[in-house]
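Residue numbering for the sequence shown follows the numbering used here, starting at 40 and increasing by one per position.
Here a beta-carbon is modelled for each residue, glycine too, at the ideal position from N, C-alpha and C.
All figures in this text were calculated on a predicted structure; none of them were measured in a lab.
Right, one structure below, let's go through it.
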Amino acid sequence: MPSQGQTADRYRAVQSRIQDAAVRGGYSPEGIHLVAVTKNASIAQVRELIELGHMDFGESRMQHYLQFAAQVDDFLERHRELGPTEGRIPQNIRWHFIGHLQRNKVKRILPMTRLVHSVDSLRLAEEIQACPLQRESATEVLIQVNTSGERGKYGIAPAAVTHLIDQMDTMMNIRIRGLMSMAPQVEDPEAVRSVFQRSRELFEELKSSDMTGDEFDILSMGMSNDFEVAVECGANVVRVGTAIFGPPAEQEEETSTSTTSDA
Ligand SMILES: *Cc1c(COP(=O)(O)O)cnc(C)c1O
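Here is the structure:
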């Protein structure tokens, strides 16, 4: 059992490491958003972060995503009923879907999702575009790009990104907010610097091209193992799980499909 406060301590430590990395990279720390990845978190840990005022949560597995989002809704609802709170609890939580999204899951995921980080095919984009939703605004997405060139990883090849964005140009229900990329899992975070730099270059190229608008401004990269390098390379969204919530403890094995094999 993680003791009370441990999550908060780790959370603060991650935040200050992000700030230091931003300064090293010459960026304003306020411009960098931390998405807390709940894959190995308990609902108690999620609530602890919300009580600290944290709003952005990410999840890669559909069942966990739906379950946590519902539990967090209940939690916020109960707080609202208690009347004005101490002021720290956010009114709303922003859920980020960061995992591989199967087309038949789109309809379940979209209604509560603020940002889909993982659009990696035209067919998925078409499914999102066609999804019957009570939309107040377009669905915001990132294009997941496989800058490392590793085989068996999700994400489209850098050379194919322009074409995909072009094909999505007429999809009025989708707004492309930027890119997401993942680095290979290696011991030394420095080894992934070149991957992040390539992602950054591609991001800048697209940003300054006339294919994208002003709203193309998110570069999501960096996880527990490498978020500092990612921030130094210009990430403005990092997705951090383990460094906040601790390593996967005795969680029951998940049977979700994943191409990452931690052998
Ligand atoms: C699990 C996951 C993360 C967070 O990984 P940690 O190493 O636990 O920080 C970030 N992004 C994606 C896409 C993930 O699946």
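Boundaries (first-last residue) of the beta strand (DSSP E) holding residue i
{"i": "L258", "result": "I257 to M260"}
{"i": "T178", "result": "T178 to V184"}
{"i": "E240", "result": "Per DSSP, E240 belongs to no beta strand (DSSP E); it is in the alpha helix (DSSP H), R232 to S247."}
{"i": "D95", "result": "D95 to E98"}
{"i": "A75", "result": "H72 to V76"}
{"i": "L154", "result": "L154 to V158"}
Whole-angstrom distance between residue j and residue i, CA atom to CA atom
{"i": "M207", "j": "A108", "result": "29 angstroms"}
{"i": "N212", "j": "Q168", "result": "5 angstroms"}
{"i": "L245", "j": "V62", "result": "25 angstroms"}
{"i": "T77", "j": "L218", "result": "21 angstroms"}
{"i": "F114", "j": "R133", "result": "14 angstroms"}
{"i": "Y66", "j": "R232", "result": "17 angstroms"}
{"i": "R119", "j": "V111", "result": "12 angstroms"}
{"i": "R127", "j": "Y104", "result": "23 angstroms"}
{"i": "R214", "j": "Q84", "result": "32 angstroms"}
{"i": "T281", "j": "R162", "result": "32 angstroms"}
{"i": "G194", "j": "Q54", "result": "27 angstroms"}
{"i": "V225", "j": "I257", "result": "25 angstroms"}
{"i": "G75", "j": "D205", "result": "Checking the displayed sequence, the identity of residue 75 turns out to be Ala instead of Gly. About 31 angstroms."}
{"i": "I182", "j": "G261", "result": "15 angstroms"}
{"i": "G44", "j": "I82", "result": "14 angstroms"}
{"i": "P129", "j": "Q106", "result": "19 angstroms"}
{"i": "A60", "j": "E229", "result": "13 angstroms"}
{"i": "G64", "j": "G191", "result": "31 angstroms"}
{"i": "N131", "j": "L121", "result": "16 angstroms"}
{"i": "T298", "j": "E240", "result": "Note that T298 has pLDDT 44, beneath the 50 cutoff, so the model's placement of it is unreliable and the number below is only indicative. In a straight line, the C-alpha of T298 is about 26 angstroms away from that of E240."}
{"i": "D227", "j": "S99", "result": "24 angstroms"}
{"i": "T152", "j": "V268", "result": "27 angstroms"}
{"i": "P286", "j": "K146", "result": "31 angstroms"}
Pair within 7 angstroms by beta-carbon distance, residue i and residue j
{"i": "F242", "j": "C272", "result": "no"}
{"i": "R216", "j": "E189", "result": "no"}
{"i": "F284", "j": "N79", "result": "yes"}
{"i": "P223", "j": "S259", "result": "no"}
{"i": "P197", "j": "V180", "result": "no"}
{"i": "S238", "j": "S263", "result": "no"}
{"i": "M210", "j": "K144", "result": "no"}
{"i": "E90", "j": "T46", "result": "no"}
{"i": "L203", "j": "C170", "result": "no"}
{"i": "I166", "j": "R142", "result": "Per the sequence shown, the amino acid found at residue 166 is Glu instead of Ile. Contact: yes."}
Rounded distance between the beta-carbons of residue j and residue i, thought under 8 angstroms
{"i": "I57", "j": "V270", "result": "6 angstroms"}
N-terminal and C-terminal residue of the alpha helix (DSSP H) that residue i is part of
{"i": "A222", "result": "It is not in any alpha helix (DSSP H) - A222 carries neither H nor E in the DSSP assignment."}
{"i": "S55", "result": "Q45 to G64"}
{"i": "R147", "result": "V145 to I148"}
{"i": "R117", "result": "M101 to E120"}
{"i": "H202", "result": "P197 to Q206"}
{"i": "R133", "result": "Note, R133: premise wrong, no alpha helix (DSSP H); beta strand (DSSP E) at R133 to F136."}
{"i": "R162", "result": "L161 to A169"}
Open item on the list: With three or more C-beta pairs closer than 8 angstroms as the rule, is the stretch 46 to 57 touching the stretch 241 to 249?
Closed with: Segments in contact, no.
Open item on the list: Pairs of beta-carbons, one from the stretch 61 to 81 and one from the stretch 260 to 279, closer than 8 angstroms: are there three or more?
Closed with: yes
Open item on the list: Just to be sure I understand the criterion: a residue counts if its Cβ is closer than 5 angstroms to at least one heavy atom of ligand 2. Which residues meet that?
Closed with: Of the ligands one can find in the structure shown, namely ligand 1, none is ligand 2.
TODO: Please confirm if the stretch 89 to 97 is in contact with the stretch 162 to 178, defined as three or more CB-CB distances below 8 angstroms between the two stretches.
DONE: Segments in contact, no.
TODO: May I ask you to verify whether the stretch 133 to 142 touches the stretch 155 to 163, counting CB pairs closer than 8 angstroms and requiring at least 3?
DONE: yes
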